[in-house]
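S.K.: For the record, the sequence lines run as chains A and B.
Per my numbering, residue 1 is the first one in the first sequence, and the count goes up by one each step.
Per my numbering, residue 1001 is the first one in the second sequence, and the count goes up by one each step.
Protein chains: 2
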Amino acid sequence: MEFHPPYLLFLGDARDQLAAKTANGVRVWRPEWCLGQFRLDGCEADCSVPDMSIEEAAAAGVKTVILGVVSRGGVIPPNWISELTKALELGMDIASGLHTRITQIPELLTAAQKNGRSLHDVRHPTREFDVGNGIKRSGKRLLTVGTDVSVGKMFTSLAVEAEMKNRGLQADFRATGQTGIFIAGRGVSIDAVIADFISGAVEWLCPENDDDHWDLVEGQGSLFNVSYAGVTIGLIHGAQPDAIVVCHEAGRPHMRSMPHFPLIDLPTCIEANLQAARLTNPNVKCIGASINTSNLTEKEGREFCDQVSQEINLPAVDPLRDGVKALVDNI
Amino acid sequence: MEFHPPYLLFLGDARDQLAAKTANGVRVWRPEWCLGQFRLDGCEADCSVPDMSIEEAAAAGVKTVILGVVSRGGVIPPNWISELTKALELGMDIASGLHTRITQIPELLTAAQKNGRSLHDVRHPTREFDVGNGIKRSGKRLLTVGTDVSVGKMFTSLAVEAEMKNRGLQADFRATGQTGIFIAGRGVSIDAVIADFISGAVEWLCPENDDDHWDLVEGQGSLFNVSYAGVTIGLIHGAQPDAIVVCHEAGRPHMRSMPHFPLIDLPTCIEANLQAARLTNPNVKCIGASINTSNLTEKEGREFCDQVSQEINLPAVDPLRDGVKALVDNI
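#1: Less than 7 Å separating the Cβ of V308 of chain A from some heavy atom of the ligand SAH?
#2: Between the segment 1203-1234 of chain B and chain A, which residues of the former have CB atoms less than 7 Å from a CB of the latter, in chain order?
#3: Per the DSSP calculation, L173 of chain A is bridged to which residue(s)?
#4: Does the beta-carbon of H254 of chain A have 16 or more other beta-carbons within 10 angstroms, so that it is buried, or is it exposed?
#5: Counting only the same chain and skipping the five closest in sequence on each side, list residues whose C-beta sits under 6 Å from that of D1013 of chain B.
#6: Take the Cβ of H99 of chain A as the centre, count every other Cβ of all protein chains shown within 10 Å, and call the residue buried at 16 or more, exposed below.
#7: Do the segment 82-90 of chain A and the segment 51-69 of chain A make contact, defined as three or more Cβ pairs closer than 8 Å?
#8: Spell out a yes or no on whether the segment 109-118 of chain A and the segment 201-213 of chain A are touching, meaning 3 or more CB-CB pairs, one atom from each, closer than 8 Å.
#9: For C206 of chain A, which residues of its own chain have a beta-carbon under 7 Å away from its beta-carbon, when the five flanking residues on both sides are left out?
#10: Any contact between the segment 233-250 of chain A and the segment 134-153 of chain A? By contact I mean 3 or more CB pairs, one from each, below 8 Å.
#11: Any beta carbon of chain B sitting closer than 8 Å to that of S157 of chain A?
#12: Leaving aside the five residues before and after I1076 of chain B along the sequence, list all residues of the same chain whose C-beta is less than 6 Å from its C-beta, in chain order.
#13: For a test of the three-state rule: what should DSSP assign to K1140 of chain B, helix, strand or coil?
#14: Could you tell me if S1096 of chain B is buried or exposed, where buried requires 16 or more neighbouring beta carbons within 10 angstroms of its beta carbon?
#15: Which residue marks the beginning of the alpha helix (DSSP H) containing H1120 of chain B, and which one marks its end?
#16: Closest to A1289 of chain B by C-alpha separation, out of B:V1324, B:M1001 and B:A1023, would be which residue?
#17: Would you verify that the beta carbon of V1129 of chain B is, or is not, closer than 8 Å to some beta carbon of chain A?
#18: For I1198 of chain B, which residues in chain A fall below 7 Å Cβ to Cβ?
#19: Within 10 Å of its beta-carbon, does H1260 of chain B have 16 or more other beta-carbons around it, so buried, or fewer, so exposed?
#20: Chain B partners of G134 of chain A, CB-CB under 8 Å?
#21: Ignore the nearest five residues each way along the sequence and tell me which others in M952 of chain B's own chain have a CB closer than 7 Å to its CB.
#22: For E1002 of chain B, does the count of other Cβ atoms within 10 angstroms reach 16, so buried, or fall short, so exposed?
#23: Please report the distance separating the alpha-carbon of A1159 of chain B from that of S189 of chain A.
#24: Run through DSSP, which three-state label would D1191 of chain B get?
#25: Contact criterion: CB-CB distance below 8 Å. Does I1270 of chain B meet it with respect to chain A?
#26: Between the C-alpha atoms of Q1017 of chain B and P1031 of chain B, what's the straight-line distance to the nearest angstrom?
#27: Quick check on the DSSP output: what are the complete beta strand (DSSP E) runs of length 3 or more inside the segment 47-126 of chain A, in order along the chain?
#28: The alpha helix (DSSP H) with G25 of chain A in it runs from where to where?
#29: What in chain A is Cβ-close to I1181 of chain B, meaning under 7 Å?
#30: Threshold first: 4 residues or longer. Then list the alpha helix (DSSP H) segments lying entirely within the segment 238-297 of chain A, N to C.
#31: What are the residues that DSSP puts in a beta bridge with Y228 of chain A?
#32: Quick one: is T1280 of chain B near chain A, going by C-beta distance under 8 Å?
#33: Of all Cβ atoms in chain B, is any one closer than 8 Å to the Cβ of D242 of chain A?
#34: So does the segment 124-142 of chain A actually touch the segment 218-233 of chain A, counting three or more Cβ pairs closer than 8 Å?
#35: Is there a C-beta anywhere in chain B that falls below 8 Å from the one on H4 of chain A?
#36: What residues in the segment 1163-1192 of chain B have a beta carbon less than 8 Å from any beta carbon of chain A?
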C-alpha cells in the first residue's frame, strides 16, 4: 500500500467536522502535501485548505485524491462516484479510508483500468504476509503503547518523528491505521490483517535499517483492551521496540465504550508492555508517558503530568501542550 | 461452521500417514462418527476404519465427507474432484481442512447447488464477528494454554472433556483449529479471523451457558511464540477462563521452527497467562500442567512430571499415559 502526494482532500458532503477527522489529521501533519479540498453542496466540514474542483486539482498537480471522510450511511453516493471517475480520467489515483471498498465499485474499477490509475483501500491490506519470526533486525524502533484505544498513540509517534527530524536524526513514522497511512503515504491497517500474520506484517512494515535509524511505529489498541489486545501484542512482538512510550488520556472514566472495565494504572500498564516486548528485545525500555490532558486546564494538565512523572519515575508530557522534547531527551 | 456426522474420511492418495494426521485425529476422538475411509490408488495412509467407495458411504448413511488430509503439492487433483462431485450427487456434504478453498472450485459449487448440499472450508471462517466486549458470561470455561505451538492443547482439552463426561458433568469441547472442528462438528479457525475480531469470535464460540456447564476451549499458539501470540491473547480474553491448564512437551530443544528462541519455563508461562486472563476473569486459576512425554521412557516421563509438579506446586500429568483425572480433581 503506497501512494503519492500531493493530495486533494475529498470531503464530499460530510455532515460535520468530525466526519472529516481523517482528512483533517492529514492536513495537520502533512500540510505541504494537501493542495486543496473538494466539497459538495451541503458539506459541513472544512480542512482550511483551498477549495478546488476536480479539474483544478488536476491542473494544480495533485497525484492522489484522499477519501478521508465518513460518508452518510456508510455507502458511497452516486454523486461522489461521478466526481471520483472524473479524477481517474484526469490522471489522479484514489486512496480511500472508507469501510466500503472502492476497489469493488465497477465504475471506478473500469475508469482506473482504462486510464492506468490505481485505487487503494487503505483499510484492507492487499498483500500477503509471512508469519513473524522474531529475528533481531538492525536499526532502532520506538513503539507507542497505551492504557486504551484513542489516547494519542498516532499523535505521539508523529510528534516524536518531527522532533527527531528537527534534531537531524534519521527517523520514519510507520503507519498502522488509516489516518496514519495517509500521512505516511504507505503502511498497513494492522487490525485488518488475518490473526496469524499480525507480527509478521509488522516485521514487514519496519524492516532492518541503518544502526542509527529510528522507526516510529504507530501503536494500536492496548494490552488491557479486551477487544484489541491481539493486535497490540502482535505489534509489540513484531516491532521488537528498543523504546516504548505509554500513552494515556487524563480523566477518562473507563475503557472506551466499556463502562464495565476500569482504566489500568500506568505502572502496571508499563510493566505488562515491557514484559511482552522483552520476548523480542530484552533491552527494551520505557522512555516516558504521553498524556492527552485536553479535558483539563493547562495548569491542571501540568500538575497531572508531574504526578504521573513521579509515579512512574520517567518524563510525562502532553505532546500537544508541551511537545515531546523530554521524551526524545530520555532515549 | 457446523456440519453433521457420521463421516467418511476422504484420504485420496495421501503420501504417508502424517498427511492424514487430521483424519486420524477425528478417528481417535470420534470413532463412532467415522463409518469408513475412502482411498485412491497410491494412498499410503490408513485410519483403521473400513474402506468404502463413495457409493458405499452413501448407502451406509454418511452425511459428511471429511477432507482431513494434506494433498500432494497443496492442490486438489482432478480425480479427487470427480469423486467429491459424486458424493454431493449422492446427498453428502463436504468439509475440507485444505488451504485451497473447495468453495472456489466451480465443479463442486455447481454440484452442491444442484443437489442442495453444503461445502465447508473449515480453515476459512465464513461469518462475521463482533469485536469482543469482555462482559462476564454465565457458565464455566477451561482454556488450554502452552509454552509453544503443538504441545498437546487440543488433546488435553478433549481428554478433559471425556473425563468430565465420564463423571456425569455437563461439558463441551470448543474447537478453534481444523482438526478440532471436525471432531466437534463445529467451531472457528481462530487463526484465520481478522485481527480485530479474535476475542469477539471466541466470545461467540463459547457463549453463556448453565452455571454448572464447562466449555473446554481448545487453545492455540503461546504468549511466548512471537508468530502467534496475538491469537493466544485474544483466546484468553475471549474465553474468560475460570481455569487454565498449561501444556508443554518434555525435551523440546527450542520454540518450534525457531532455534533463536529458547522455551519459556513453566512458572513464568503460567504467571503470564494468568495475568492476561485476570483482565476478563479475576478469579482464574491454573489447575495443573499437561506434559507430552512421548520423547521419554515411561519412567523418565513420570519423573519429569513429578519434577514439574514440584516446581509449579500443581498436578502435572502426561494426558496419554496418565489420563487427566488429577487435573479434573483439582478444578
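Each residue gets a CB set at the ideal place from its N, CA and C atoms; glycine is no exception.
M.R.: Checking against the coordinates, here is how it stands:
#1: Absence of the ligand SAH is noted for the structure shown, with no ligands found whatsoever.
#2: The residues in question are F1224, V1226, S1227, Y1228, A1229, G1230, V1231, I1233 and G1234.
#3: Locating residue 173 of chain A in the first sequence gives position 173, counting from the first residue. In the sequence as presented, Leu is not what sits at residue 173 of chain A; that position holds Phe. A:L216.
#4: Stepping through the first sequence from its first residue, residue 254 of chain A is reached at position 254. Burial check for H254 of chain A: the Cβ neighbour count within 10 Å stays below 16, so the residue is exposed.
#5: If you number the second sequence from 1, residue 1013 of chain B lands on position 13. For D1013 of chain B, where only same-chain residues beyond five positions count, the Cβ hits under 6 Å are L1040, G1042 and C1043.
#6: As a working mapping, residue 99 of chain A is identified with position 99 in the first sequence. By the C-beta density criterion, H99 of chain A is exposed, having fewer than 16 other C-beta atoms within 10 angstroms.
#7: Between the segment 82-90 of chain A and the segment 51-69 of chain A there are three or more inter-stretch CB-CB distances shorter than 8 Å, so the stretches are counted as touching.
#8: Counting Cβ pairs under 8 Å, fewer than three are found: no touch.
#9: Within the first sequence, the letter at position 206 stands for residue 206 of chain A. The beta carbon of C206 of chain A is closer than 7 Å to those of R141, R174, D215, V217 and A239 in its chain, skipping five residues each way along the sequence.
#10: Short answer: they touch.
#11: Residue mapping note: residue 157 of chain A aligns to position 157 of the first sequence, counting from 1. At a cut-off of 8 Å between beta carbons, S157 of chain A makes no contact with chain B.
#12: As a position in the second sequence, residue 1076 of chain B is number 76, starting the count at 1. Excluding sequence neighbours, I1076 of chain B sits near T1100.
#13: Within the second sequence, numbered from 1, the residue matching residue 1140 of chain B stands at position 140. Three-state DSSP puts K1140 of chain B in a strand.
#14: Stepping through the second sequence from its first residue, residue 1096 of chain B is reached at position 96. Buried, since its Cβ has 16 or more Cβ neighbours within 10 Å.
#15: Start at 1 with the first residue of the second sequence, and residue 1120 of chain B comes out as number 120. Residue range L1119 to D1121 is occupied by the beta strand (DSSP E) that includes H1120 of chain B, with no alpha helix (DSSP H) assigned at that position.
#16: If you number the second sequence from 1, residue 1289 of chain B lands on position 289. Selected option, being the one with the closest Cα: B:V1324.
#17: As a working note, residue 1129 of chain B is residue 129 in the second sequence. The amino acid occupying residue 1129 of chain B in the given sequence is Phe; Val does not appear at that position. Using beta-carbon distances, F1129 of chain B does not count as an interface residue toward chain A, since no partner is under 8 Å.
#18: By one-based count along the second sequence, residue 1198 of chain B stands at place 198. Within chain A, the residues near I1198 of chain B are A195 and G230.
#19: Along the second sequence, one-based indexing puts residue 1260 of chain B at 260. Counting Cβ neighbours within 10 Å, H1260 of chain B comes out exposed, since fewer than 16 surround it.
#20: For the purposes of this step, residue 134 of chain A is identified with residue 134 of the first sequence, where counting begins at 1. Neighbours of G134 of chain A on chain B, chain order: V1226, S1227, M1258, H1260 and F1261.
#21: The structure shown has nothing for residue 952 of chain B, since chain B only spans 1001 to 1331.
#22: Position 2 of the second sequence, counted from the start, is the residue given in the question as residue 1002 of chain B. By the neighbour-count rule (16 or more Cβ atoms within 10 Å), E1002 of chain B is not buried but exposed.
#23: Translated into positions along the second sequence, residue 1159 of chain B becomes position 159. Translated into positions along the first sequence, residue 189 of chain A becomes position 189. Going by the C-alpha atoms only, they are around 39 Å apart.
#24: Counting from one through the second sequence, the residue named residue 1191 of chain B turns up at place 191. Three-state result, D1191 of chain B: helix.
#25: What you label residue 1270 of chain B is simply residue 270 of the second sequence in a count that begins at 1. False, the Cβ-Cβ gap to chain A never drops below 8 Å.
#26: For the purposes of this step, residue 1017 of chain B is taken as the residue at position 17 of the second sequence. For the purposes of this step, residue 1031 of chain B is taken as the residue at position 31 of the second sequence. Roughly 18 Å between the two C-alpha positions.
#27: Runs found: 64-67, 93-96 and 119-121.
#28: Here residue 25 of chain A corresponds to residue number 25 of the first sequence, with the count starting at 1. For G25 of chain A, the enclosing alpha helix (DSSP H) stretches over residues K21 to W29.
#29: In the second sequence, counting from the first residue as 1, residue 1181 of chain B sits at position 181. The premise fails here: I1181 of chain B is roughly 16 Å from chain A at the closest Cβ pair, so nothing lies under 7 Å.
#30: DSSP assignment within the segment 238-297 of chain A yields the following whole alpha helix (DSSP H) runs of 4 residues or more, N-terminal first: 266-277.
#31: For this step, residue 228 of chain A is matched to residue 228 along the first sequence. Per DSSP, none; premise fails for Y228 of chain A.
#32: Position 280 of the second sequence, counting from 1, holds the residue named residue 1280 of chain B. The beta-carbon of T1280 of chain B is placed less than 8 Å from the nearest beta-carbon of chain A.
#33: As a first step, residue 242 of chain A must be located in the first sequence, where it is residue number 242. So, not an interface residue.
#34: Contact check between the segment 124-142 of chain A and the segment 218-233 of chain A: fewer than three CB pairs, one atom from each, fall below 8 Å, which does not count as touching.
#35: Stepping through the first sequence from its first residue, residue 4 of chain A is reached at position 4. At a cut-off of 8 Å between beta carbons, H4 of chain A makes no contact with chain B.
#36: Along the segment 1163-1192 of chain B, going in chain order, the ones with a CB nearer than 8 Å to a CB of chain A are I1190, D1191 and A1192.
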